[in-house]
Every structure is written in structure tokens, then in C-alpha cells.
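If you want this note's numbering, it's the 1-based position in the sequence shown plus 168.
C-beta: ideal position from N, C-alpha, C; glycine also.
All values derive from a computational prediction rather than experimental measurement.
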Amino acid sequence: MAKTSLVPFRDIDEYFDRLFDPRRWPRLWPVEREFTWQPATDISETDKEFLFKAELPEVKKEDVTVEIEGNVLTIRGERKQEKEEKDKKMHRVERFYGSFMRSFTLPDNVDPKAITAEMKDGVLQVHLPKVATAEAKPTKVEIK
Numbered sequence: 169m170a171k172t173s174l175v176p177f178r179d180i181d182e183y184f185d186r187l188f189d190p191r192r193w194p195r196l197w198p199v200e201r202e203f204t205w206q207p208a209t210d211i212s213e214t215d216k217e218f219l220f221k222a223e224l225p226e227v228k229k230e231d232v233t234v235e236i237e238g239n240v241l242t243i244r245g246e247r248k249q250e251k252e253e254k255d256k257k258m259h260r261v262e263r264f265y266g267s268f269m270r271s272f273t274l275p276d277n278v279d280p281k282a283i284t285a286e287m288k289d290g291v292l293q294v295h296l297p298k299v300a301t302a303e304a305k306p307t308k309v310e311i312k
């Protein structure tokens, strides 16, 4: 049985991302130009919380900020480029360096005062606990 994609345009998006990747066309985009990049992020949900995981290899914890304003979570930071050494020649540079920013709109049932963040092994994890609301819990109504 053929496997179907849940996101119908994902393949097209990935194709265009690869096609127009500036690293593939060095004459159109000079090497010196600094490109913005966005870390890959996974978002999962349980009964108790939302969990954001952002891949930030070689980014120091001090270079990352996590902010909540209204119902928007913003992750900002910077990956600094290695200093060029005199005896070392770079043959290929495919990783992006520089500043990044990702913003996500949060649902209404997030408790902004209980949000925690941790960074381990190049992965930033932001835990967003849910608020227990009476509307979210199903109630049983007795029929008389």
C-alpha cells in the first residue's frame, strides 16, 4: 500500500527550498553575504504540556533568548562562525551562521508563568504547561 503524505505541499516546498538554496548558486549569492537561517523545530503536545524542540548545534546557551509576548513565543539567537586560521583552508561551508529568530503563535490554554526552557546536546527544549480549564474537561450531565 502506498504511503500518503499528510501535508500535500511539503514535497513541493522541500523541492523549492533545495532548488533556491543559496549554497547551490554561489555566483548569484556571494559567499561573503550573510544569510539568515532558522533552526529546525519540532512541536509536540501531551495532556499536560506543549513541547518545542529546536536544533541549535554549536550555539551557546548564553546566545539564545526565549520570550513570550501575548500569545507569541519567540526564540532568538546567534551561531557564530569559526575564526579562520592561517594554515587551514575551507573547502566547503554548508552551515549557516549569524542571527536567527523563530516566532510561534500559542494556543490560549498555555500558562505563561510556568514556562521553562533547557538546552542540552545542541537542542533547546521549551516546556509550555497547559492551564487546567473547566471548559476543556468533559462533564457528564445526568438526564432526568
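Check residue i in the structure and name its three-state DSSP category.
| i | result |
| --- | --- |
| Asp-210 | strand |
| Arg-201 | Low per-residue confidence applies at Arg-201: pLDDT is 49, beneath 50, and the placement is therefore not dependable, though the value from the model is reported in the following sentence. Coil, per DSSP. |
| Lys-248 | coil |
| Glu-230 | helix |
| Phe-184 | helix |
Are the Cβ atoms of residue i and residue j separated by less than 8 Å?
| i | j | result |
| --- | --- | --- |
| Leu-219 | His-295 | yes |
| Leu-292 | Val-240 | no |
| Gly-266 | Arg-247 | yes |
| Lys-221 | Thr-233 | no |
Among all the DSSP beta bridges, which residues are the ones paired with residue i?
| i | result |
| --- | --- |
| Ile-236 | Leu-241 |
| Glu-223 | Val-291 |
| Leu-334 | Residue 334 lies beyond the residue range present for the chain, which begins at 169 and ends at 312; the question has no answer from this structure. |
| Val-278 | Lys-298 |
In its own chain, which residues sit with a C-beta less than 6 Å from the C-beta of residue i, not counting the 5 before and 5 after it?
| i | result |
| --- | --- |
| Met-287 | Lys-229 |
Quick test of your reading: residue i and residue j, contact by CB under 8 Å. State the CB separation rounded to the nearest angstrom.
| i | j | result |
| --- | --- | --- |
| Val-278 | Lys-298 | 6 Å |
| Thr-242 | Ser-212 | Incorrect: roughly 19 Å between the Cβ atoms, too far for contact. |
| Gly-290 | Glu-226 | 7 Å |
Which residues in the same chain as residue i place their Cβ atom closer than 7 Å to its Cβ, once the five residues preceding and following it in sequence are excluded?
| i | result |
| --- | --- |
| Asp-185 | none |
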